[in-house]
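*Asks:* Its first residue numbered 88, the sequence shown is counted upward by one per residue in this note's numbering. Beta carbons are placed, not taken as given, at the ideal position from N, Cα and C, and that holds for glycine.
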Amino acid sequence: FNTVTHVFCGGGELTGSLRSELNTFFSNAITYEFYGASETSFITISDLNTPSGSVGRPYPGVDVRIGDGQATVPFEVGEIWVRSPFLFDAYEVGESQDTRRIGSYLTVGEMGYFDDDGRLFVLGRKNRMITVADNNVFLDEIERTIGTIFGIDHCAVIAKKDDRRGHVPVCFVQSGDTSIDKEAIVSRCRLGLGSHSVPREVHFVTEMPLLLSGKLDYLALHNRLGV
88 FNTVTHVFCG GGELTGSLRS ELNTFFSNAI TYEFYGASET SFITISDLNT PSGSVGRPYP
148 GVDVRIGDGQ ATVPFEVGEI WVRSPFLFDA YEVGESQDTR RIGSYLTVGE MGYFDDDGRL
208 FVLGRKNRMI TVADNNVFLD EIERTIGTIF GIDHCAVIAK KDDRRGHVPV CFVQSGDTSI
268 DKEAIVSRCR LGLGSHSVPR EVHFVTEMPL LLSGKLDYLA LHNRLGV
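#1: Give me the Cα-Cα distance between residue 146 and residue 134, rounded to the nearest whole angstrom.
#2: Return the chain-ordered list of same chain residues with a C-beta closer than 7 Å to the C-beta of residue 264, the five sequence neighbours on each side being excluded.
#3: Go ahead and label residue 156 buried or exposed: buried means 16 or more other beta carbons lie within 10 angstroms of its beta carbon, across all protein chains shown.
#4: Whose C-alpha, out of 220, 151, 303, is nearest the C-alpha of residue 191?
#5: At the level of alpha carbons, what is the spacing between residue 255 and residue 289?
#6: Indicate the three-state DSSP secondary structure (helix, strand or coil) for residue 197 in the structure shown.
#7: Report the rounded CA-to-CA distance for residue 174 versus residue 194, giving the unit in angstroms.
#8: Give the secondary structure of residue 90 by DSSP, where H, G and I count as helix, E and B as strand, and everything else as coil.
#9: Could you check whether the region 268-286 touches the region 300-307, counting it as contact only if at least three pairs of C-beta atoms, one from each stretch, sit closer than 8 Å?
#10: Apart from the five residues just before and just after residue 232, which ones in its own chain have a Cβ nearer than 8 Å to its Cβ?
#11: Just grab the DSSP bridge partners of residue 119 for me.
#12: In or out: residue 282 buried (at least 16 other Cβ within 10 Å) or exposed?
#13: Does the distance from the C-beta atom of residue 142 to that of residue 120 stay below 8 Å?
#14: Can you check which of these residues, 114, 149, 200, is closest to residue 172 by C-alpha distance?
#15: Which word fits residue 286, buried or exposed, when buried means at least 16 other C-beta atoms lie within 10 angstroms of its C-beta?
Here it is in structure tokens:
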């Protein structure tokens with residue numbers, strides 16, 4: 088494996104465990120992660136110098152802006168809009184309310200921001216944003232943060248209604264490492280995201296429910312809680 092110099096990953100964020108394994112098996116390789124969607128193909132690419140939490144800079148030939156205005160302001164949160172030669176034409180079957188076009192730009196309803204070095208940070212889908220004590224919280228961002236804990240195989244976060252806060256995050260974790268407990272997850276979220284993004288419940292499962300596509304079955308998790 089020492090002859091491998093580049094590893095490219097797409098379709099989902101690398102977990103801490105998988106990244107560690109890649110570094111072990113391909114010790115001389117640089118790992119690149121692509122961020123994109125089925126409707127957009129490549130949006131950004133990260134490399135060795137990309138800071139934690141960022142998906143990197145726009146892929147060559149791709150123009151990315153935040154919000155539906157003409158200017159992108161660093162650290163301003165808004166919908167991610169993309170213009171590139173890789174955009175899809177239309178759905179063959181069905182539609183998505185989150186997928187919209189303005190001129191040559193397309194969005195799939197994901198929110199994010201740029202830092203002052205032009206690196207993109209993705210917070211999550213607009214339809215997966217909740218309010219906790221009047222603060223916007225992105226469930227996808229919580230999942231990514233928990234996924235950085237070494238030994239966690241899968242993580243899913245859903246929202247549960249709460250009389251005092253409006254909503255609270257609830258976490259489901261699949262891990263073969265029995266040393267990982269609720270406190271480790273709570274601490275990582277509190278340090279990385281703040282108190283409003285801390286899961287109020289943590290459920291450890293032996294197997295995460297998946298759709299036929301291989302994606303997380305959030306409806307099944309909601310049904311488990313009766314919410």
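*Replies:* The structure says:
#1: 11 Å
#2: 238
#3: exposed
#4: 151
#5: 12 Å
#6: strand
#7: 10 Å
#8: coil
#9: no
#10: 275, 276, 279, 280, 284
#11: 95
#12: exposed
#13: yes
#14: 149
#15: buried
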